[in-house]
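> Per the numbering used here: the sequence shown ends with 201, consecutive numbering throughout.
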Amino acid sequence: MIYSPVTTLTNGAIIFLDRDGVLIEDNGLVLDESQLAILPGVPEALSALKERFRLVVVSNQAVVARGLLDEIQVRDLQKALEKRLTSVGAPPLDGFYFCPHHPRATLEAYRVDCDCRKPRPGLLFRAAEELSLDLTGSFMVGDRPTDILAGTRAGCRTVWVKTGQHDAALIETSETLDALPRADFVCSGLLESSRWILEQA
Ligand SMILES: [Mg+2]
Ligand SMILES: [Zn+2]
Numbered sequence: 001m002i003y004s005p006v007t008t009l010t011n012g013a014i015i016f017l018d019r020d021g022v023l024i025e026d027n028g029l030v031l032d033e034s035q036l037a038i039l040p041g042v043p044e045a046l047s048a049l050k051e052r053f054r055l056v057v058v059s060n061q062a063v064v065a066r067g068l069l070d071e072i073q074v075r076d077l078q079k080a081l082e083k084r085l086t087s088v089g090a091p092p093l094d095g096f097y098f099c100p101h102h103p104r105a106t107l108e109a110y111r112v113d114c115d116c117r118k119p120r121p122g123l124l125f126r127a128a129e130e131l132s133l134d135l136t137g138s139f140m141v142g143d144r145p146t147d148i149l150a151g152t153r154a155g156c157r158t159v160w161v162k163t164g165q166h167d168a169a170l171i172e173t174s175e176t177l178d179a180l181p182r183a184d185f186v187c188s189g190l191l192e193s194s195r196w197i198l199e200q201a
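1. If we cut at 8 Å on Cβ distances, does residue 188 have a partner in chain C?
2. Identify, in the order they occur along the chain, each residue of the same chain with its Cβ nearer than 6 Å to the Cβ of residue 160, setting aside the five sequence neighbours on each side.
3. Secondary structure at residue 13, three-state DSSP: helix, strand or coil?
4. Residues near ligand 2, CB to any non-hydrogen atom under 6 Å, in chain order?
5. Measuring only the C-alpha atoms, how far is residue 83 from residue 43?
6. Say yes only if the C-beta of residue 26 is nearer than 7 Å to one or more non-hydrogen atoms of ligand 1, and no if none qualify.
7. Look at the Cβ atom of residue 58, then the Cβ atom of residue 133, and state whether they are nearer than 8 Å.
8. Where do the ends of the beta strand (DSSP E) carrying residue 57 lie?
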């Protein structure tokens, strides 16, 4: 008997993407679109992943808490990035969620012990709920251990890309992190991540 492949598997799942160190180079704070440098292989990887998944960026944007950019400027920067991505062959992305808070924010309004600053999984939960998507078949791709922890906490499989800042000191969080989880896959960048993810899916 010949079994036909299941064709309806993963249309309802998400690839959560960290921004800096996954889509663009992480060279410190990005305040202006002239600083957006797309990493090699990213457009191809996004195109391949888009066939099976929704693509959602989840980013800590402490620049807002520090008063360096406002939320509208962060969204404008994302629009500029997405425009640049599509101009080099990437598909449109499905969502952009960011945490503007920081435990020691300069601006009092953002000095919040929030549930959305990674490694907390609030951004991932919010995206899944708003887009009516399923977390269990989803993946989180990030370059820092706090991305991996956020993905694990949301019930996603995780990919750790070693693009430069992967060994940097842990970012400041509202909680003490003793044990960080191991990623399900470790590789050099988003293109390699996409190949592994599509093998799993
Ligand atoms: Mg990053
Ligand atoms: Zn937050």
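By construction, the Cβ of each residue, glycine as well, lies at the ideal position given by its N, Cα and C atoms.
Straight from the coordinates:
1. No chain C is part of this structure, which consists of one protein chain only.
2. 148, 183, 186
3. strand
4. 99, 101, 114, 116, 117
5. 12 Å
6. yes
7. no
8. 54-60
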